[in-house]
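Engineer:
There are 2 protein chains.
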Amino acid sequence: MTDKRDEAETDDIPAGMLALDQQLCFAVYSAAHALNRTYKPLLDPYGLTYPQYIVLMTLWEEDGRTVKALGMTLGLDSGTLSPLLKRLEAAGYIHRARDRSDERQVLVTLTGKGHAMKREAVGIRRQIGKATGCSLEALQTLTADLQALTGRLDAGAAQDDAA
Amino acid sequence: MTDKRDEAETDDIPAGMLALDQQLCFAVYSAAHALNRTYKPLLDPYGLTYPQYIVLMTLWEEDGRTVKALGMTLGLDSGTLSPLLKRLEAAGYIHRARDRSDERQVLVTLTGKGHAMKREAVGIRRQIGKATGCSLEALQTLTADLQALTGRLDAGAAQDDAA
DNA sequence: CAAAATTATATTGCGCGCAATATAATTTTG
DNA sequence: CAAAATTATATTGCGCGCAATATAATTTTG
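Top to bottom, those sequences are chains S and E. The numbers in UniProt numbering rise by one with no breaks, and the one at position 145 of the first sequence is 145. The numbers in UniProt numbering rise by one with no breaks, and the one at position 74 of the second sequence is 74.
1. For E/ARG119, tell me which candidate among E/PRO51, E/THR38, E/TRP60 and E/GLN140 has the shortest Cα-Cα distance.
2. Are any of the Cβ atoms in chain S nearer than 8 Å to that of E/ILE54?
3. Does the beta-carbon of S/MET1 have 16 or more other beta-carbons within 10 angstroms, so that it is buried, or is it exposed?
4. Excluding the five sequence neighbours on either side, which residues of its own chain have a C-beta within less than 6 Å of the C-beta of S/GLU62, listed in chain order?
5. By how many angstroms is the C-alpha of E/VAL28 removed from the C-alpha of S/GLN147?
6. Mind checking who E/ASP99 pairs with in its DSSP beta bridge?
7. Check this for me: beta carbons of E/GLN127 and E/LEU42, under 8 Å apart or not?
8. In the DSSP assignment, find the alpha helix (DSSP H) that holds S/GLY64 and state where it starts and stops.
9. So if DSSP puts S/LEU110 in a beta bridge, which residue, or which two residues, is it bridged to?
10. CA-CA distance, S/LEU81 and S/THR58?
11. Taking all protein chains shown into account, do 16 or more other C-beta atoms lie within 10 angstroms of the C-beta of E/GLY64, making it buried, or fewer, making it exposed?
12. Three or more C-beta pairs closer than 8 Å, one from the stretch 108-117 of chain E and one from the stretch 78-94 of chain E: is that the case here?
13. Report the residues of the stretch 21-32 of chain S with a CB closer than 8 Å to any CB of chain E, ordered along the chain.
14. Given a threshold of 16 other Cβ atoms within 10 Å of its Cβ, counted over all protein chains shown, does S/ARG125 qualify as buried or as exposed?
15. For S/ARG37, go through chain E and note every residue whose CB falls closer than 8 Å to its CB, in chain order.
16. Mapping DSSP to helix, strand and coil, what is E/LEU76?
17. Does the distance from the C-beta atom of E/THR150 to that of S/SER30 stay below 8 Å?
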């Protein structure tokens, strides 16, 4: 973009020491996997995966959303959500139905089992909180920093699309 | 574990506001996806996925590792690595060969193309750095916090295994 | 109002990530 | 040293996550 040339000298990184940006990427990658592993034994008894649990959390906040609305909140498209929602329905947690006033849309609503799961989530939340071993402030800071990072990354991607 | 009862009142979270620990989990989840999306257009021209790129980075640090050693570093098992490495070999980036002194092990080494990719990585690294939009200090703090989090999560999981 | 464009969801195919299992090589045990 | 246990890798099956495509409903355009 700029016509500067003289900032190209990060060329070689001392052996045994990754560049910081690579470290960050790997740290996010590893943390995501570690969280997944931590959730797994807590969710297995309910037959839920972590992404399915996230969808339920979203519905606990606001029930009766469309697939599209869920996708916007979670950053997922129908290619991921459609089969996931079918499994959640098969497991009895949600119900899917075409919107009568716009038959293109599918409304996703919690079943009794889906609502009941919210109470079970209290224990899960407590265990995850314990496992992170973070103070409330640390949790807040880290969350805010990650949200800011995600925002900047997505903003950059959107800009690239425009070009 | 403790016999206290009087800390069970996080039961209900105000509507429209997720508990902080859930926010953190979702923030990590979203950041990982955002990073993946950012890497994708940069790696596509080379026919590489982000996990494959991570494996290459690991080999740039120390070539000639076993599958097991790679797995320890990356937190992945052979179920993930075996097919991934086969694809990296098919793409010409690495070579796989049984260790002559212990035929159970497979040694993974970079090809010329695999080594050459390290130079291409300089540009990718710069673009990712720009996309994160972080100061060096912010990058360092965030990385360290995430590494600490991952460490605590994995330590907890290891403890559970022992029980 | 009919044709074209847009929108919402679903499907297919591919690459992880992981659990469960299989296989072959090596080490330990009796 | 032979049998049993362990170790390293590979394979199968399932659920994401995403790109590409298909389909049906709705909206826009002429």
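The beta carbon of each residue, even a glycine, is placed where N, CA and C say it ideally should be. These numbers were taken from a predicted model, which means no experiment stands behind them.
Structural biologist: The structure says:
1. E/TRP60
2. yes
3. Per-residue confidence for S/MET1 stands at a pLDDT of 43, beneath the threshold of 50, marking its modelled position as unreliable; the derived number appears in the next sentence. Result: exposed.
4. none
5. 8 Å
6. E/ASP102
7. yes
8. From DSSP, S/GLY64 is part of no alpha helix (DSSP H); its letter is neither H nor E.
9. S/ILE94
10. 13 Å
11. exposed
12. yes
13. ASP21, GLN22, GLN23, LEU24, CYS25, PHE26, ALA27, VAL28, TYR29, SER30, ALA31 and ALA32
14. buried
15. LEU153, ASP154 and ALA157
16. coil
17. yes
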